Amino acid sequence: MREVRVRTGVPHPDAPDDVRWSPWQHAASTDGYRSFTAPLDAHAGDFTLEARAIDITGVAASQRVALRNSWTPELGPATTVPLRVRPHNPPLLLFDLDEDGINAIIPPDIQRQIRLAPLESTPLLVNLLERVRNACGTDWQRDHPNPRHDCSLTPLGQTFVGDDGTWRSSPEYALVRLLTMTPANVSVDGTSIAGLQELADGGFFGITIGGGFSQILADALGIARTDSIVSIDSAAAAFRDRFVASHPEVDEDGALRVSLYDALRELSPVGDRLGPAGGHPGIFDPSFTPRAALKGPDFQMRLGATSNLRWVEGLRLGASKTWMAVVDHPTLGADGPILSFDFFDPDLFDFLDLIDEPRADLRFSVVENPRFVDSCSGDNACMDNLPDQPLDPSSIWATEPWEIEHIIAYAAWLQYRDRTFSRCYIRTIGCQARVTVGDGDDPPGWTRFNVLFNMGNPPRDQYIWELIAEVAQVALHRFGDTVVEEGDLQVAFTIEDVPVGTTADELREAIRPVMQEQADDLAHLLLGDFRTNNDDPDILLRRSLDGELVLVFASTHDPRPDDDDPWPTPGFFAQPDLRPDTLLSSTNDQTSGFPGRHVLRPNGAEDIVWVADREGRPWRLTVDWMPDSPDEIRLHAQRRLR
Numbered sequence: 000m001r002e003v004r005v006r007t008g009v010p011h012p013d014a015p016d017d018v019r020w021s022p023w024q025h026a027a028s029t030d031g032y033r034s035f036t037a038p039l040d041a042h043a044g045d046f047t048l049e050a051r052a053i054d055i056t057g058v059a060a061s062q063r064v065a066l067r068n069s070w071t072p073e074l075g076p077a078t079t080v081p082l083r084v085r086p087h088n089p090p091l092l093l094f095d096l097d098e099d100g101i102n103a104i105i106p107p108d109i110q111r112q113i114r115l116a117p118l119e120s121t122p123l124l125v126n127l128l129e130r131v132r133n134a135c136g137t138d139w140q141r142d143h144p145n146p147r148h149d150c151s152l153t154p155l156g157q158t159f160v161g162d163d164g165t166w167r168s169s170p171e172y173a174l175v176r177l178l179t180m181t182p183a184n185v186s187v188d189g190t191s192i193a194g195l196q197e198l199a200d201g202g203f204f205g206i207t208i209g210g211g212f213s214q215i216l217a218d219a220l221g222i223a224r225t226d227s228i229v230s231i232d233s234a235a236a237a238f239r240d241r242f243v244a245s246h247p248e249v250d251e252d253g254a255l256r257v258s259l260y261d262a263l264r265e266l267s268p269v270g271d272r273l274g275p276a277g278g279h280p281g282i283f284d285p286s287f288t289p290r291a292a293l294k295g296p297d298f299q300m301r302l303g304a305t306s307n308l309r310w311v312e313g314l315r316l317g318a319s320k321t322w323m324a325v326v327d328h329p330t331l332g333a334d335g336p337i338l339s340f341d342f343f344d345p346d347l348f349d350f351l352d353l354i355d356e357p358r359a360d361l362r363f364s365v366v367e368n369p370r371f372v373d374s375c376s377g378d379n380a381c382m383d384n385l386p387d388q389p390l391d392p393s394s395i396w397a398t399e400p401w402e403i404e405h406i407i408a409y410a411a412w413l414q415y416r417d418r419t420f421s422r423c424y425i426r427t428i429g430c431q432a433r434v435t436v437g438d439g440d441d442p443p444g445w446t447r448f449n450v451l452f453n454m455g456n457p458p459r460d461q462y463i464w465e466l467i468a469e470v471a472q473v474a475l476h477r478f479g480d481t482v483v484e485e486g487d488l489q490v491a492f493t494i495e496d497v498p499v500g501t502t503a504d505e506l507r508e509a510i511r512p513v514m515q516e517q518a519d520d521l522a523h524l525l526l527g528d529f530r531t532n533n534d535d536p537d538i539l540l541r542r543s544l545d546g547e548l549v550l551v552f553a554s555t556h557d558p559r560p561d562d563d564d565p566w567p568t569p570g571f572f573a574q575p576d577l578r579p580d581t582l583l584s585s586t587n588d589q590t591s592g593f594p595g596r597h598v599l600r601p602n603g604a605e606d607i608v609w610v611a612d613r614e615g616r617p618w619r620l621t622v623d624w625m626p627d628s629p630d631e632i633r634l635h636a637q638r639r640l641r
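Counting in numbering that gives the first Met the number 0, the sequence shown runs from 0 upward without gaps.
Structure, rendered in structure tokens:
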């Protein structure tokens, strides 16, 4: 016989069918291996002894014997693990990503969650409405009752086509009529102010009063005869505040939410998101896909980040060495972010090759109320009828904010809410015809037409903006020989190549603070829940703020894969009974960098301490601090058996 080797095996505590074997030991013999001896650990309880004999030809044979050791030692076998604190010098990660690269690193579902700067709708609406207003020529600016619209004069107007194949029946032309309505060309036939126009223009006595109706109206409104009754600024603000901002997917200030996903697809997904929702009929016409040219052919996104995750080593009692990724920010420690971004630094974040002046193709569509909305008039109670506080359900302010009647009234309210005016137009033995707006004790905007004997059947007292809304409703439904029934009007406008209202540089600067606000969220989106990849140690080796190696007892503050608190008796103790008065570790070590955690500092080259595992069983730890190795220690762990 050439040699005999022996070893012992014990069942794994978590898998009884899995035997943990000790290393093979060479047996000694003085009689040619008729008998032999070998030093072996005496395992408590059941274990297996295996002997392997090898003859001089190399043929081997093994024999296993099941044994039971009824003697229980004080301590179980020792588990020895080296633990090291590794240098933490994470490199800066910097990427210049084209669209394919962005999609590879940031999947579309995450792109949808990354907000860019909100797109302010005001400049977009102003540009859009200005284009629409002059789409049928500029003769409406003349001091003449006929605006002489001709939509064939402009490329935009030539795109207006209604049901009969002409621009006159197109929904775009309805908006043109509204935006080009001036005191000089407004038609009030069929409205409550029609009789006053007839009186002022000499229809009763052949005498023009106050320069005629157009002049009286211009005086009352405080604008020139050829100015739009509803200005572009007021109309844009009304569309923003009532039509756009009332959509559930739009911010309260009317700004359009734009995600990275939207921007990469030239805003086309915005059309679906801003479609019908929450009762709102939708901002964009569903038959048209909006588009904004934002990116040039060499578009890239530059993104730089530094990881604050570092791997630390530890011990799971009863198992082996473990690893855990923890947040270790240079100044904030564990309270820092997972990734550090600086979106204000153009070297670390930028969009390259954006279009200098982005332009968009859009089609808005606005619905009307199915009924004619009368003014609240003839009663001082109507003075309380104001936006967001309608006097009764029939009020124009009780209509939906996205309906055209409501938008017109709101635009007029914005423009004339502070208007005051008073003038006498017939003075014969006193004033026989006076127009007032917000005069005396009346609130601003409250209009009275006081005419002797009510000649001309003047309108009843009311707010000037409700009177404008009435005139606008009639004008939208009756023009020339055309009559549009109530509920059949569609106000829509398609604009191509309209300026978005911001430059590439302005867009970049607007995006930076928004992205910085989302830095933590972006880190979590990109890395996911990194805790799920961590081991679950009981004890960790860390370096304190003052540079000393320390042992830290794990806690729920650590990024563990589970959120439970499995330790009945945390801490490091001097005695195996784990009494509180023998606690060696401190949770108030202000210089450790681990507040509220049990921290053990070296008390010599070697310390012997006691800890409890998750079942509350005591373990003896022999800590070899290895003074000659500033980054490493050795732990010897033995469970107390009796």
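We put the beta carbon where it would ideally sit given N, CA and C, even for glycine. What you are looking at is a predicted structure, and each value in this text was computed from that prediction instead of being measured.
Contact set for residue i: own chain, Cβ-Cβ below 6 Å, skip 5 residues either direction
i           : result
residue 64  : 48
residue 450 : 432, 457
residue 225 : 140, 142, 181, 183
residue 332 : 592
residue 442 : 382
Contact check, residue i vs residue j, beta carbons under 8 Å
i           : j           : result
residue 542 : residue 58  : no
residue 469 : residue 374 : yes
residue 4   : residue 26  : yes
residue 147 : residue 138 : yes
residue 598 : residue 551 : yes
residue 283 : residue 361 : yes
residue 220 : residue 117 : no
residue 611 : residue 78  : no
residue 171 : residue 491 : yes
residue 32  : residue 52  : yes
residue 497 : residue 358 : yes
residue 240 : residue 409 : yes
residue 618 : residue 577 : no
residue 211 : residue 199 : yes
residue 185 : residue 193 : no
residue 35  : residue 66  : no
residue 549 : residue 314 : no
Integer-rounded CB distance, given that residue j should sit under 8 Å from residue i
i           : j           : result
residue 289 : residue 259 : Their Cβ separation, rounded to whole angstroms, is 17 Å, which puts residue 289 and residue 259 out of contact at 8 Å.
residue 369 : residue 486 : 4 Å
residue 55  : residue 19  : Not confirmed; about 32 Å, so no contact.
residue 649 : residue 115 : Since the displayed the chain opens at 0 and closes at 641, residue 649 lies outside it and no answer follows.
residue 434 : residue 215 : 6 Å
residue 151 : residue 161 : Contact doesn't hold; Cβ gap of about 13 Å is too wide.
Residue i classed as buried or exposed, judged by whether at least 16 other C-beta atoms fall within 10 angstroms
i           : result
residue 482 : exposed
residue 428 : exposed
residue 595 : exposed
residue 670 : In the structure displayed, the chain extends from 0 to 641; residue 670 sits before or after that span and is not available.
residue 643 : Given a span of 0 to 641 for the chain in the structure shown, any question on residue 643 remains unanswerable.
residue 528 : exposed
residue 405 : buried
residue 587 : exposed
residue 236 : buried
residue 94  : exposed
residue 384 : buried
residue 144 : exposed
residue 589 : exposed
residue 607 : exposed
residue 508 : exposed
residue 42  : buried
residue 572 : buried
residue 261 : buried
Cβ-based neighbour list, residue i, same chain, cut-off 7 Å, excluding 5 preceding and 5 following
i           : result
residue 246 : 273, 276, 279, 282
residue 412 : 386, 464
residue 126 : 497, 498, 500
Same chain only: Cβ atoms within 8 Å of residue i, ignoring 5 sequence neighbours per side
i           : result
residue 461 : 374, 375, 376, 377, 381, 445, 446
residue 613 : 316, 537, 565, 566, 567
residue 296 : 352
Assess, as a yes-or-no matter, whether the region 88 to 101 is touched by the region 303 to 310 under the definition of 3 or more beta carbon pairs within less than 8 Å. yes
At least 3 beta-carbon pairs within less than 8 Å: the region 530 to 537 vs the region 549 to 567: yes
Kindly confirm or deny that the region 96 to 106 and the region 225 to 235 touch, where touching means at least three C-beta pairs closer than 8 Å. no
Hey, is the region 496 to 508 in contact with the region 344 to 360, meaning 3+ C-beta pairs nearer than 8 Å? They touch, by the three-pair rule.
Taking one C-beta from the region 334 to 349 and one from the region 507 to 527 each time, how about it: are there three or more such pairs within less than 8 Å? yes
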